[in-house]
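Visitor: Quick one: the structure is below, questions incoming.
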Amino acid sequence: MSFGSRAHVAMQAYGPACIGIDPHPSLLEQWGLEDDIEGLDRFASTCVEAFAGRVAFVKPQSAFFERFGARGVVVLERTIEDLRHTGSLVVLDVKRGDIGSTAQAYADAYLDDDAPMAADAITVSPFLGFGSLAPFFEVAEKNDAGVFVLALTSNPEGPDVQHAVRDGRTVAESVLAQLAELNAGATPMGPFGAVVGATIDDAAARLVASGGLAINGPLLVPGYGAQGGTVDDIRRLFGDVMDQVVPSTSRGVLSAGPDVSALRDAAARVNAELVGS
328 MSFGSRAHVA MQAYGPACIG IDPHPSLLEQ WGLEDDIEGL DRFASTCVEA
378 FAGRVAFVKP QSAFFERFGA RGVVVLERTI EDLRHTGSLV VLDVKRGDIG
428 STAQAYADAY LDDDAPMAAD AITVSPFLGF GSLAPFFEVA EKNDAGVFVL
478 ALTSNPEGPD VQHAVRDGRT VAESVLAQLA ELNAGATPMG PFGAVVGATI
528 DDAAARLVAS GGLAINGPLL VPGYGAQGGT VDDIRRLFGD VMDQVVPSTS
578 RGVLSAGPDV SALRDAAARV NAELVGS
């Protein structure tokens, strides 16, 4: 089953929310854990227990594992393995982007189902040129995996590149248009998604008005919850493509930890709020 189909099934079963697993030092401290490999392991294991098979998407942030070196990567590998095939889809947040054989190596590392760190989907950066992402799309399609491409992000530095205009359209519009081409004809939606921030306001409104967000693929929308984005913001910004929106939240749910039941309740409240929108 393609990633687009699996994502659709998971969203119907659990709701659209994507729960980030971000073992930030401040969260480890809040949970009463040391900022060391043992604390990381406890944090990740608790998240697996809380969310596996209970939410549609989980999104480990690779950098917070990598900062502990090889042992942190081992924890990340185990976290991915424990989450996959539970009904929850693992979106590994790595934001990779490169060219040629290096892009191919990254694609094989994260999207080949036989790889130790294989995820259901990953995030990638298109800013070495959209064509440089071809290895990611090819390996993803071969393995029924997904790819989320940065398009229009909420960080204040993003417009320097994403709003730049060439041939009458912005870089973000070009990325979205090329994703729409890749997803054309797929049902219920294609496997290739975009990352579009929940707090971008006017830029998103223009894209909605022009149909630019209708890529026939999932839209990963960070910025919901603790970062300030609300359900009303998402509904207003994404309108007719709401059924493909995957709002992502980390701190808004993780701050309920370390109690597993409290984490589950927090995730359930997020999905109930989103479904009620």
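In the numbering used here, the protein residues as written are 328 to 604.
All C-beta atoms, glycine included, are put in the ideal place defined by N, C-alpha and C.
Whole angstroms is fine: what's the gap from Asp425's alpha carbon to Ala432's?
Guide: 10 Å
Visitor: Under DSSP, the beta strand (DSSP E) around Thr576 begins and ends at which residues?
Guide: 572-576
Visitor: Would you say the beta carbon of Met516 is closer than 7 Å to some non-hydrogen atom of the ligand SAM?
Guide: In the structure shown, the ligand SAM is absent, as is every other ligand, since no ligand is present at all.
Visitor: Enumerate in chain order the residues of its own chain whose CB-to-CB distance from Arg394 is below 7 Å, with the five nearest sequence positions on each side excluded.
Guide: none
Visitor: Quick one: what does DSSP say Phe454 is sitting in, helix, strand or coil?
Guide: Phe454 falls in the coil class under three-state DSSP.
Visitor: Jot down the residue ranges of each uninterrupted beta strand (DSSP E) in the stretch 406-494, minimum 3 residues, whole runs only, in chain order.
Guide: The stretch 406-494 contains these whole beta strand (DSSP E) runs: 416-423, 448-451, 473-479.
Visitor: What residues are listed by DSSP as bridge partners for Pro549?
Guide: According to DSSP, Pro549 bridges with nothing at all.
Visitor: State yes or no: is the C-beta of Val474 within less than 8 Å of the C-beta of Ala448?
Guide: yes
Visitor: Taking the alpha-carbon of Ala340 as reference, which of Gly380, Asp362, Asp409, Gly524 has the nearest alpha-carbon?
Guide: Gly380
Visitor: How do the stretch 341-348 and the stretch 509-529 stand: do at least 3 beta-carbon pairs fall below 8 Å, yes or no?
Guide: With a cut-off of 8 Å, the stretch 509-529 and the stretch 341-348 do not count as touching, because too few Cβ pairs lie within range.
Visitor: If contact is defined by three or more beta carbon pairs under 8 Å, each pair taking one atom from either stretch, is the stretch 349-363 in contact with the stretch 557-575?
Guide: Touching, no.
Visitor: Please report the Cβ distance between Pro518 and Glu468, rounded to the nearest whole angstrom; I am assuming they are in contact, meaning their Cβ atoms lie under 8 Å.
Guide: 7 Å
Visitor: Along the alpha helix (DSSP H) that carries Val568, what are the first and last residues, could you check?
Guide: Premise fails: Val568 is in no alpha helix (DSSP H) and is neither H nor E.
Visitor: Could you give the distance in angstroms between the alpha-carbon of Ser629 and the alpha-carbon of Ala430?
Guide: The first residue shown for the chain is 328 and the last is 604, placing residue 629 beyond what the model contains.
Visitor: Please classify Phe454 as buried or exposed, where buried requires at least 16 neighbouring CB atoms within 10 angstroms.
Guide: exposed
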